[in-house]
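According to our numbering, the sequence shown holds residues 658 to 926 in order. Written below as structure tokens is the structure these notes are about.
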Amino acid sequence: MTVLVTGARGAIARAVVDRLTAAGHRVRAGSRDAKQARPIAGVEPVTVDASRPETLAPALAGVREVFLYAIDEGIADFLGAAKEAGVERIVLLSALAVTSADPTQKVLADRHLLVEDPIRESGIAWTFLRPGAFAGNALAWAPSIRAEGVVAMPYPDSYSTPIHEQDIAEVAVEALTSPGHEGAAYALAGPESMTRTRQVELIGEALGRELVVTELAPEQVRDVPPFLLEMMARNREEPTDGGPTIADVLGRPARTFASWARDHVADFG
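Here is the structure:
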């Protein structure tokens, strides 16, 4: 079979590509500009841009499975081209926000529902992956950790259940290549709830040195959308719960944030 992996320059999609190729599957790595894609042995880079419909048919020709990032526009064109090409299954990277009644998550939820709903109605078999906080979000702290061992952040006492990108990728590959996942919407979370301060502590432990957290007032933050600041503020009230879905699908516990930090020492060192 041939699998199209969109968003192939992102960490999760790269992990999906690596796992599929290691298992012997034919893979096309889709991005907005294939010329900018990193070369991967045995992987065909293709341009796939839903806002440019002319890129869709060539990218989807002969494809039976698709790993799809939620796209901001052009989902109707993408699904039309997918049906024309004979795509049989779509695994969508959505977001846990779509299940939340929390008003601070409405912006994120609405964006992903605009993609989920058309896929559900398309007639193509689907699986939705709905992760919460990505462990990889902590990479935003890497420059300041490398430079001075300090992380300045708003709401350091805000909780989340960060999930390792390799766990998301492993569930995605299972859903792409094995039966029994059609029509499933999997809520994905890490195994433990922790504050942002605790994440920094675990990164420091992986590096073998102590890191310092300094708190910023929300009004000092310019590079975080307001709805995310509101979410952080709300999540100080109580720990969030990790879910059992990783264990249910993969038959093993989810990777811890400590293991993620060890895997990414080179990014912070």
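Don't be surprised by glycine CBs; every beta carbon is placed ideally from N, CA and C. If you're wondering where the values come from, they're calculated on a predicted model, not measured in any experiment.
Between the region 805-821 and the region 764-777 there are fewer than three C-beta pairs closer than 8 Å, too few to call the two in contact. DSSP lists ARG685 as the bridge partner or partners of GLU701. Collapsing the DSSP output to three states places PRO901 in coil.
Here LEU886 carries a helix assignment [DSSP, helix/strand/coil]. In the assembly as shown, GLY719 is an exposed residue. Its beta-carbon has fewer than 16 other beta-carbons within 10 Å. In this structure, VAL870 lies near ARG853, with their beta-carbon atoms less than 9 Å apart. Look at PRO819 here: in three-state DSSP terms it is coil, with no helix or strand label. Secondary structure of THR852 (DSSP, three-state): strand. When the five nearest sequence neighbours on each side are left out, no beta carbon in the same chain lies closer than 7 Å to the beta carbon of ARG695. Annotation for ARG671: the continuous alpha helix (DSSP H) segment containing it runs 668-679. Counting the other CB atoms within 10 Å of its CB gives ASP729 a total below 16, which places it among the exposed residues. When the beta-carbon positions are compared, GLU862 and ALA915 come within less than 9 Å of each other. Using a Cβ distance threshold of 9 Å, THR784 and HIS838 count as a contacting pair. Distance from the Cα of ALA691 is smallest, within the candidate group LEU786, ALA846, ALA754, LEU713, for LEU713. Contact check for ARG685 and MET658: beta-carbon distance about 11 Å, past the 8 Å limit, so the pair fails to qualify. Between ARG803 and MET810, the alpha-carbon positions lie close to 16 Å from each other.
For ALA718, no beta strand (DSSP E) run applies, since DSSP gives it neither H nor E. For the options ARG666, VAL660, GLY667, the alpha carbon positioned closest to that of GLY681 is the one of VAL660.
Remark: fewer than three beta-carbon pairs, one from each stretch, lie closer than 8 Å, so the region 821-830 and the region 874-888 are not flagged as touching. DSSP places LEU661 within a strand segment (E or B) once states are collapsed to three.
For the region 792-818, the full-length alpha helix (DSSP H) segments reaching 4 residues or more read 799-805 along the chain. Under the three-state reduction of DSSP output, ILE781 falls in the coil class, being neither helix nor strand.
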